[in-house]
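Remarks on the structure that follows.
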């Protein structure tokens, strides 16, 4: 199974580089252009949350690995920050009015909505978030 | 991210060009805050040339939208299409802000 990986500082100013790396992998996987948008969003939300919550007061590294198989594109984001699972955050109230709408809460929701499968595990002192994308799948609009 | 700003009688039309992500969204907040500091409170945000928006972009919209509302102003969105429209639908933001197909239609609504 071919795998490519990069290691970068877990900082927002590396976001463009991370997204570029992941999109190159998506091109090799031949992910549809229409789904690259969702891939970009899912990866951005994951990176933003790692920077904010896994490394709230410290700096650290972020490893991004892409595995391409015939059936799927798997993106694995690992950090050695404090234990943090974005998938445990509750979904936002998407029907609330502007006065009641909370700032935040959308990141984990977008990760779930725009990927075909997502999982979190704490492994060897690292947070490991795994996103899976398939060709031909489509997001469901409300 | 770039802006094209056009002052009309009923509102200031702000075209946002490029990407609204975690890195660039603060530029949008700053731009709108600056105009509100100068007394503008009615805005039409033209998303016709917006290629991408993430939750950080939506959050910036929400923050500025709340301030516009507290000033008694109005903020209308226009020209939202493609994948950006999907993000609005999935997040429920399509119901938070009035959305218009064209800037012209939004200007018409702002004049009322």
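Protein chains in written order, with the numbering used here: chain A, 520 to 661; chain B, 189 to 300. Glycine is no exception: its CB is placed at the ideal position from the N, C-alpha and C atoms. Since we're looking at a predicted model, the values are computed, not measured.
Q. Can you tell me where the beta strand (DSSP E) with residue 587 of chain A in it begins and where it stops?
A. By one-based count along the first chain, residue 587 of chain A stands at place 68. Element bounds for residue 587 of chain A: 580–587.
Q.
So, for residue 213 of chain B: in the same chain, excluding its five sequence neighbours on each side, which residues have a beta-carbon less than 6 Å away from its beta-carbon?
A. On the second chain, position 25 is the one that residue 213 of chain B refers to. So the qualifying residues of the chain are 244, 245, 248.
Q. What three-state label does DSSP hand residue 530 of chain A in the structure shown?
A. Counting from 1 along the first chain, the entry for residue 530 of chain A is found at position 11. Note: residue 530 of chain A maps to coil in three-state DSSP.
Q.
What residue range does the beta strand (DSSP E) around residue 598 of chain A cover?
A. Along the first chain, read from residue 1 onward, the residue named residue 598 of chain A stands at position 79. First-last of the beta strand (DSSP E) with residue 598 of chain A: 591–598.
Q: Excluding the 5 residues preceding and the 5 following residue 560 of chain A in the sequence, name in chain order all residues of the same chain whose CB lies nearer than 7 Å to its CB.
A: Locating residue 560 of chain A in the first chain gives position 41, counting from the first residue. Cβ neighbours of residue 560 of chain A beyond the five flanking positions: 629, 633.
**Q.** Residue environment, residue 569 of chain A, which counts as buried when at least 16 other CB atoms sit within 10 Å
**A.** The count along the first chain starts at 1 and reaches residue 569 of chain A at position 50. Answer is buried; the Cβ neighbour count reaches 16.
Q: Taking the CB atoms as reference points, tell me whether residue 294 of chain B and residue 250 of chain B lie closer together than 9 Å.
A: Here residue 294 of chain B refers to the residue found at position 106 when the second chain is read from its first residue. Here residue 250 of chain B refers to the residue found at position 62 when the second chain is read from its first residue. No, they are not a contact pair.
Q | Cβ-Cβ separation, residue 216 of chain B to residue 208 of chain B (assumed contact under 8 Å), whole Å | A | On the second chain, residue 208 of chain B is found 20 positions in, with the first residue counted as 1. On the second chain, residue 216 of chain B is found 28 positions in, with the first residue counted as 1. Indeed they touch by this definition, with Cβ atoms about 6 Å apart.
Q: Output, in chain order, the set of chain A residues within a Cβ distance shorter than 8 Å of residue 216 of chain B.
A: To locate residue 216 of chain B, count along the second chain from 1; it is residue 28. Result: empty, since nearest Cβ-Cβ is about 15 Å, beyond 8 Å.
Q) Beta-carbon separation of residue 220 of chain B and residue 231 of chain B under 9 Å? A) For this step, residue 220 of chain B is matched to residue 32 along the second chain. For this step, residue 231 of chain B is matched to residue 43 along the second chain. Taking 9 Å as the Cβ cut-off, residue 220 of chain B and residue 231 of chain B qualify as a contacting pair.
(Q) Residues in the same chain with beta-carbon distance under 7 Å from residue 291 of chain B, minus the five sequence neighbours each way, listed in chain order, please. (A) By one-based count along the second chain, residue 291 of chain B stands at place 103. Contacts found: 201, 232, 234, 266, 267.
Q: Tell me whether the beta-carbon of residue 608 of chain A lies closer than 9 Å to the beta-carbon of residue 627 of chain A.
A: The residue labelled residue 608 of chain A in the question sits at position 89 within the first chain. The residue labelled residue 627 of chain A in the question sits at position 108 within the first chain. Closer than 9 Å, so yes.
(Q) Assuming contact is defined by CB atoms lying nearer than 9 Å, are residue 532 of chain A and residue 211 of chain B in contact in what I supplied? (A) On the first chain, residue 532 of chain A is found 13 positions in, with the first residue counted as 1. On the second chain, residue 211 of chain B is found 23 positions in, with the first residue counted as 1. Yes.
Q: Measure the beta-carbon distance from residue 603 of chain A to residue 573 of chain A and round it to whole angstroms, keeping in mind my assumption that it falls under 8 Å.
A: In the first chain, the residue the question calls residue 603 of chain A occupies position 84. In the first chain, the residue the question calls residue 573 of chain A occupies position 54. Sure, about 5 Å apart at Cβ, within 8 Å.
Q.
Could you check whether the Cβ of residue 550 of chain A sits closer than 9 Å to any Cβ belonging to chain B?
A. Here the question's residue 550 of chain A lines up with position 31 in the first chain. Chain B, which has no Cβ nearer than 9 Å to the Cβ of residue 550 of chain A, makes this no.
Q | Alpha-carbon to alpha-carbon, residue 198 of chain B and residue 192 of chain B | A | Here residue 192 of chain B is taken as the residue at index 4 of the second chain, counted from 1. Here residue 198 of chain B is taken as the residue at index 10 of the second chain, counted from 1. Rounded to whole angstroms, residue 192 of chain B to residue 198 of chain B spans 17 Å at the Cα level.
Q | Length of the line joining the Cα atoms of residue 545 of chain A and residue 631 of chain A | A | Locating residue 545 of chain A in the first chain gives position 26, counting from the first residue. Locating residue 631 of chain A in the first chain gives position 112, counting from the first residue. If I take the Cα positions, the gap works out to 18 Å.
Q | Inter-residue spacing [alpha-carbon to alpha-carbon] between residue 595 of chain A and residue 571 of chain A | A | As a working note, residue 595 of chain A is residue 76 in the first chain. As a working note, residue 571 of chain A is residue 52 in the first chain. For residue 595 of chain A and residue 571 of chain A, the distance between alpha carbons rounds to 18 Å.
Q.
Which of the three DSSP states is assigned to residue 472 of chain A in this structure?
A. Here chain A comprises residues numbered 520 to 661, so residue 472 of chain A is not present and cannot be evaluated.
Q: Report yes or no: is there a C-beta of chain B within less than 9 Å of the C-beta of residue 603 of chain A?
A: Within the first chain, numbered from 1, the residue matching residue 603 of chain A stands at position 84. No, residue 603 of chain A does not count as interfacial toward chain B.
Q) Are the C-beta atoms of residue 246 of chain B and some chain A residue less than 9 Å apart? A) The sequence position of residue 246 of chain B within the second chain is 58, counting from 1. For residue 246 of chain B, the answer is yes, since a Cβ of chain A falls inside 9 Å of its Cβ.
(Q) Checking the sheet assignment: what are the DSSP bridge partners for residue 653 of chain A? (A) The sequence position of residue 653 of chain A within the first chain is 134, counting from 1. Its beta-bridge partners are A:591.
(Q) For residue 242 of chain B and residue 640 of chain A, what's the separation of their Cα atoms in angstroms? (A) What you label residue 242 of chain B is simply residue 54 of the second chain in a count that begins at 1. What you label residue 640 of chain A is simply residue 121 of the first chain in a count that begins at 1. So the two alpha carbons sit approximately 25 Å from each other.
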